[in-house]
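In the UniProt record's numbering, the protein residues as written are 1 to 930. Remarks on the structure that follows.
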């Protein structure tokens with residue numbers, strides 16, 4: 001008869017014994033072929049002998065590797081006179097593995113052997129497979145039992161035979177993934193790692209298949225004492241059903257109890273703090289002290305979930321994060337509304353600690369602060385919160401309060417000291433402080449002053465109310481309305497309302513000085529306006545006399561710095577900075593001059609309180625309320641770095657709470673602000689380079705890469721920025737880059753794809769009898785384009801830039817705005833990007849891109865503002881496959897800064913490594929057109 005023995009080291013061993021001569025049965029073909037091999041191995045076989053004893057003998061055998069063994073065993077019949085029971089038993093095991101595999105109960109694994117990683121199929125496991133193994137162990141023939149413990153031996157047989165049996169079922173289907181290919185073809189997986197092997201093992205362990213999962217349900221103690229014991233109830237949950245507790249009695253199914261015990265043991269292994277805990281009598285449930293419950297929730301639940309064990313917390317259980325609330329009271333004896341004392345106004349303040357919507361009493365804070373854990377019963381509810389954070393917050397509340405504190409000192413405390421240990425969720429106040437600090441409060445309504453010849457829009461009336469309120473208190477303010485919402489009219493209305501005998505000094509860019517003069521004459525004709533500008537301007541005693549005879553003195557930033565000494569000697573009701581981003585750098589002479597001129601009230605106007613960095617906001621607010629946000633270094637430490645680099649939401653919240661009372665910002669896109677403004681449609685329009693442009697572009701990039709190869713620091717940055725500027729010039733036009741005075745066209749053909757595109761756009765605009773503004777950051781490019789377009793379209797094309805005198809630019813603006821004025825106007829981005837009202841145009845074209853979206857938006861707002869009746873089309877030109885196209889994707893990141901929803905900002909080009917620069921500047925294959 002043919003026998004089979006399984007050896008964990010040798011696989012399947014076949015041996016035979018003799019039977020009566022002439023009675024040898026005919027073996028199946030596969031088995032007969034197996035016997036033709038050499039008997040080179042030996043099998044140690046245990047035989048029964050007389051007296052119930054056993055003896056062992058070594059018998060020659062044929063060894064079959066797992067793949068050959070699987071093929072033979074799957075062909076082993078369940079009944080055959082020439083095949084022994086031990087071999088038929090092994091065949092039964094192989095057929096069982098085949099049934100599991102065909103049912104899909106297999107997963108891949110990865111093992112290390114012979115210095116390589118090998119993918120292998122394994123049975124998933126589960127309760128039914130374990131029951132099957134147990135039944136096979138009971139049925140195992142005694143001759144096989146002698147090789148070891150039955151379950152261990154069966155585990156080895158199953159592990160070795162599963163892989164070849166699954167592979168025989170699958171065949172060799174088409175594959176693409178390297179691991180799948182290795183699995184199908186029984187080859188090593190060359191990119192295998194221990195991490196992959198571990199992940200596959202974890203995945204297999206997580207597949208519960210058909211057995212119920214373990215659920216641990218935490219039950220609250222009946223006793224309210226902190227030392228009361230919690231019950232961790234042991235439950236089993238079948239797929240799609242509710243968890244069921246597992247009692248320990250005779251009525252419970254033995255298999256379920258066995259499963260629960262085994263799985264609880266696995267849970268204890270995953271989370272060892274459950275070991276050695278007392279159990280509830282008659283159950284598997286564990287009794288936990290509060291300290292273990294806290295650790296279970298904070299750490300253990302995650303470890304248990306990773307092991308496939310669900311943890312259910314009490315439904316009514318609440319985990320709360322602490323927050324802070326500031327209460328500010330105005331002494332009732334102070335009639336602050338009628339006195340302008342500014343940041344020196346006295347207030348009383350107290351901090352309060354909240355958990356959820358509960359404001360904690362002093363006794364509750366003390367209890368939470370000294371509790372032994374993070375879990376306590378508060379007002380009838382179990383509450384979990386960070387005990388350490390609560391203790392710090394309680395100390396902060398106790399240490400930070402004051403009576404008779406100045407408003408400025410309170411703001412500086414919130415700005416410069418260590419921040420509160422919990423987020424500041426709410427500020428409550430009384431009196432004038434409520435109007436200042438409560439976002440829902442509104443100042444006293446002010447009727448439109450008699451001297452204002454205009455109908456104020458609702459949001460402009462609200463702006464006037466706010467300006468009057470801040471002015472009465474002497475608190476510096478920042479009116480940060482979007483460009484085109486009428487900041488000029490709101491300020492003129494404030495002056496008309498106050499009718500102060502002391503004049504206001506208004507500082508503005510030269511380009512908008514004339515606009516202030518015209519707007520004042522139009523809306524507040526009774527207001528006496530003096531323009532302090534030009535070489536013939538008043539000086540000395542003449543200036544003193546002129547100032548005393550006027551209500552509003554308008555000058556430029558340059559003259560403010562130049563005439564700083566004389567202006568600082570005067571008594572001013574207020575200093576107003578228009579386009580206040582001009583002092584965004586606090587170290588400039590203009591910013592120092594603005595701080596040096598004393599006034600009862602200071603007001604900053606800007607549509608972009610933050611263009612690039614938060615330090616700009618600090619500089620503007622420092623003008624309005626000196627010292628409010630501390631020194632630049634302190635501000636950077638507390639806010640700029642945490643927000644811009646780390647995205648710290650807590651710092652954003654604190655900065656908003658501190659600054660928002662002093663800033664009023666409305667945007668045009670808010671329907672509640674303005675509903676009758678037409679739409680603004682923005683589009684990016686791409687052009688190709690000409691062959692001439694492409695050759696120049698490549699030469700600039702090659703030269704830059706060669707220059708920066710051996711340079712570091714400022715020299716390297718300078719080379720990169722220089723290359724960037726020259727590449728933009730190449731994209732504009734070869735004549736712009738070469739500065740050789742060469743013509744725009746060559747043999748009647750365009751030398752620049754961008755200029756050809758501009759011609760097409762203007763053809764359409766002029767064909768519809770509409771007007772267009774063309775913006776460029778390069779004056780020399782405007783000097784090339786403006787004359788060409790004037791000749792091409794047979795019309796005047798004025799060019800407004802920094803070299804145009806005030807009187808000439810005023811005439812340019814007035815002429816363009818008239819019905820019979822020129823249809824095209826070119827502007828340099830710096831000189832024409834702010835303050836101007838050019839609503840006659842409803843097309844805006846940005847010829848070359850600027851690094852700052854806020855600056856581009858300011859320029860666009862020359863046309864997209866109150867008074868515009870047509871939809872505005874904004875086209876931003878760039879060249880395909882160039883640095884311009886790649887920069888385009890970087891521009892949007894700055895926009896959030898204006899709203900203080902700050903991200904990481906711009907990835908400065910000069911800080912890129914050489915590989916990144918090569919990628920940014922490279923010329924794309926699709927760059928050159930026909």
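Note that beta-carbon positions come from the ideal geometry of N, C-alpha and C, so glycine has one too.
So, helix, strand or coil for residue 901, using DSSP?
Against the chain shown, residue 901 aligns to sequence position 901. At residue 901, the pLDDT of 30 sits below 50, so the modelled position is not reliable; the number obtained from the coordinates is stated separately. Correct three-state label for residue 901: coil.
Verify whether the separation of the beta carbon atoms of residue 548 and residue 583 is less than 8 Å.
Counted from its first residue, the chain shown places residue 548 at position 548. Counted from its first residue, the chain shown places residue 583 at position 583. Contact check for residue 548 against residue 583 fails: the beta carbons are separated by 8 Å or more.
Could you tell me how far apart the beta carbons of residue 797 and residue 824 are, in whole angstroms, since I believe they sit closer than 8 Å?
Translated into positions along the chain shown, residue 797 becomes position 797. Translated into positions along the chain shown, residue 824 becomes position 824. With a Cβ gap of about 5 Å, residue 797 and residue 824 count as contacting.
Can at least three beta-carbon pairs, one atom from the segment 177-195 and one from the segment 73-91, be found at a separation below 8 Å?
With a cut-off of 8 Å, the segment 73-91 and the segment 177-195 do not count as touching, because too few Cβ pairs lie within range.
Give a yes or no on contact between the segment 465-476 and the segment 425-443, applying the rule of three or more CB pairs nearer than 8 Å.
Between the segment 465-476 and the segment 425-443 there are three or more inter-stretch CB-CB distances shorter than 8 Å, so the stretches are counted as touching.
Going by DSSP, which residues form a beta bridge with residue 774?
Translated into positions along the chain shown, residue 774 becomes position 774. Per DSSP, 826 and 845.
If the criterion is Cβ atoms closer than 8 Å, does the pair residue 607 and residue 480 meet it?
In the chain shown, residue 607 corresponds to position 607, counting from 1. In the chain shown, residue 480 corresponds to position 480, counting from 1. Their beta carbons are under 8 Å apart, which means residue 607 touches residue 480 by this criterion.
Short CB-CB distance (under 8 Å) between residue 381 and chain B:
Note that chain B does not occur in the displayed structure, where there is just one protein chain.
Give the DSSP-derived three-state secondary structure of residue 856 in the structure shown.
Numbered from its first residue, the chain shown carries residue 856 at position 856. The answer is helix: DSSP assigns residue 856 an H, G or I state.
Just the C-alpha distance for residue 406 and residue 509, rounded to the nearest angstrom, thanks.
Against the chain shown, residue 406 aligns to sequence position 406. Against the chain shown, residue 509 aligns to sequence position 509. About 35 Å.
For residue 133, count the other beta carbons within 10 Å of its own beta carbon; 16 or more makes it buried, fewer makes it exposed. Which is it?
For the purposes of this step, residue 133 is taken as the residue at position 133 of the chain shown. Label assigned to residue 133: buried.
From residue 44 to residue 59, what does the alpha carbon distance come to, in whole angstroms?
The residue labelled residue 44 in the question sits at position 44 within the chain shown. The residue labelled residue 59 in the question sits at position 59 within the chain shown. If you take the alpha carbons of residue 44 and residue 59, they lie about 6 Å apart.
Report yes if the CB atom of residue 626 is closer than 8 Å to the CB atom of residue 617, and no otherwise.
As a first step, residue 626 must be located in the chain shown, where it is residue number 626. As a first step, residue 617 must be located in the chain shown, where it is residue number 617. Their beta carbons are not under 8 Å apart, which means residue 626 does not touch residue 617 by this criterion.
I'd like the list of long-range same chain contacts for residue 496, defined as Cβ closer than 6 Å, with 5 residues on each side in sequence excluded.
Taking the first residue of the chain shown as position 1, residue 496 is located at position 496. Its chain contains 449, 451, 452 and 524 as the residues whose beta carbon lies nearer than 6 Å to that of residue 496, once the 5 sequence neighbours on both sides are disregarded; these appear in chain order.
Spell out a yes or no on whether the segment 96-110 and the segment 190-197 are touching, meaning 3 or more CB-CB pairs, one atom from each, closer than 8 Å.
Contact holds: three or more Cβ-Cβ distances are below 8 Å.
According to DSSP, residue 3 sits in a beta bridge with which residue or residues?
Counting from 1 along the chain shown, the entry for residue 3 is found at position 3. BP columns for residue 3 point to 15.
Boundaries (first-last residue) of the alpha helix (DSSP H) holding residue 931
Residue 931 falls outside the range modelled here, since the chain spans only 1 to 930, and no answer is possible.
According to DSSP, simplified to helix, strand and coil, what is residue 79?
One-based indexing of the chain shown puts residue 79 at position 79. Coil, per DSSP.
Reducing DSSP to helix, strand and coil, say where residue 711 ends up.
Translated into positions along the chain shown, residue 711 becomes position 711. Residue state, collapsed to three classes: coil.
Within 10 Å of its beta-carbon, does residue 615 have 16 or more other beta-carbons around it, so buried, or fewer, so exposed?
For the purposes of this step, residue 615 is taken as residue 615 along the chain shown, with counting starting at 1. With 16 or more other Cβ atoms from the protein chains shown falling within 10 Å of its own Cβ, residue 615 counts as buried.
Are the segment 646-659 and the segment 682-700 in contact at 8 Å, needing three or more beta carbon pairs?
Between the segment 646-659 and the segment 682-700 there are fewer than three inter-stretch CB-CB distances shorter than 8 Å, so the stretches are not counted as touching.
Does residue 771 pass the burial test, meaning 16 or more other C-beta atoms within 10 Å, or should it be called exposed?
Taking the chain shown and counting its residues from 1, one reaches residue 771 at position 771. Around the beta-carbon of residue 771, 16 or more other beta-carbon atoms lie within 10 Å, marking it buried.
Opposite residue 349 in the DSSP bridges: which residues?
Within the chain shown, numbered from 1, the residue matching residue 349 stands at position 349. BP columns for residue 349 point to 328 and 402.
Which residues bound the alpha helix (DSSP H) around residue 497?
Mapped onto the chain shown, residue 497 falls at position 497. Counting along the chain, the unbroken alpha helix (DSSP H) around residue 497 starts and ends at 487-498.
Ordered along the chain, which non-local residues of its own chain (more than five positions away) have a Cβ less than 6 Å from that of residue 901?
Translated into the one-based positions of the chain shown, residue 901 becomes position 901. Low per-residue confidence applies at residue 901: pLDDT is 30, beneath 50, and the placement is therefore not dependable, though the value from the model is reported in the following sentence. Answer for residue 901: no residue qualifies.
Residue 62 by DSSP, collapsed to three states: which one?
Walking along the chain shown from the start, residue 62 turns up at place 62. It is a strand residue.
Inter-residue Cα distance where the pair is residue 544 and residue 512:
On the chain shown, residue 544 is found 544 positions in, with the first residue counted as 1. On the chain shown, residue 512 is found 512 positions in, with the first residue counted as 1. Rounded to whole angstroms, the separation of the alpha carbons of residue 512 and residue 544 is 24 Å.
Bridge partners for residue 235 per DSSP, in chain order?
In the chain shown, the residue the question calls residue 235 occupies position 235. Looking at the DSSP assignment, residue 235 forms a beta bridge with 215 and 245.
Alpha helix (DSSP H) runs contained entirely in the segment 121-174, provided each spans 4 or more residues
Runs found: 127-139, 142-145 and 150-170.
Straight-line CA distance for residue 685 to residue 423?
Stepping through the chain shown from its first residue, residue 685 is reached at position 685. Stepping through the chain shown from its first residue, residue 423 is reached at position 423. Their backbone Cα atoms lie some 45 Å apart in a straight line.
Please classify residue 54 as buried or exposed, where buried requires at least 16 neighbouring CB atoms within 10 angstroms.
Mapped onto the chain shown, residue 54 falls at position 54. By the neighbour-count definition (other C-beta atoms within 10 Å, threshold 16), residue 54 is an exposed residue.
Would you say the segment 135-149 touches the segment 32-42, given that touching needs at least three Cβ pairs under 8 Å?
Under the Cβ criterion (8 Å, minimum of three pairs), the segment 135-149 does not count as touching the segment 32-42.
Along the beta strand (DSSP E) that carries residue 531, what are the first and last residues, could you check?
Along the chain shown, read from residue 1 onward, the residue named residue 531 stands at position 531. Per DSSP, the unbroken beta strand (DSSP E) holding residue 531 starts and ends at 529-532.
Same chain only: Cβ atoms within 8 Å of residue 922, ignoring 5 sequence neighbours per side
As a first step, residue 922 is located in the chain shown; it is residue number 922 there, counting from the start. By the criterion of a C-beta distance shorter than 8 Å, residue 922 is surrounded in its chain by 701, once the five residues flanking it on both sides are discounted.
Could you round the C-beta distance between residue 324 and residue 425 to whole angstroms and report it? I think they count as a contact, below 8 Å.
Here residue 324 refers to the residue found at position 324 of the chain shown. Here residue 425 refers to the residue found at position 425 of the chain shown. Indeed they touch by this definition, with Cβ atoms about 7 Å apart.
Buried or exposed for residue 35, going by 16 or more other Cβ atoms inside 10 Å?
Translated into the one-based positions of the chain shown, residue 35 becomes position 35. Exposed, since its Cβ has fewer than 16 Cβ neighbours within 10 Å.
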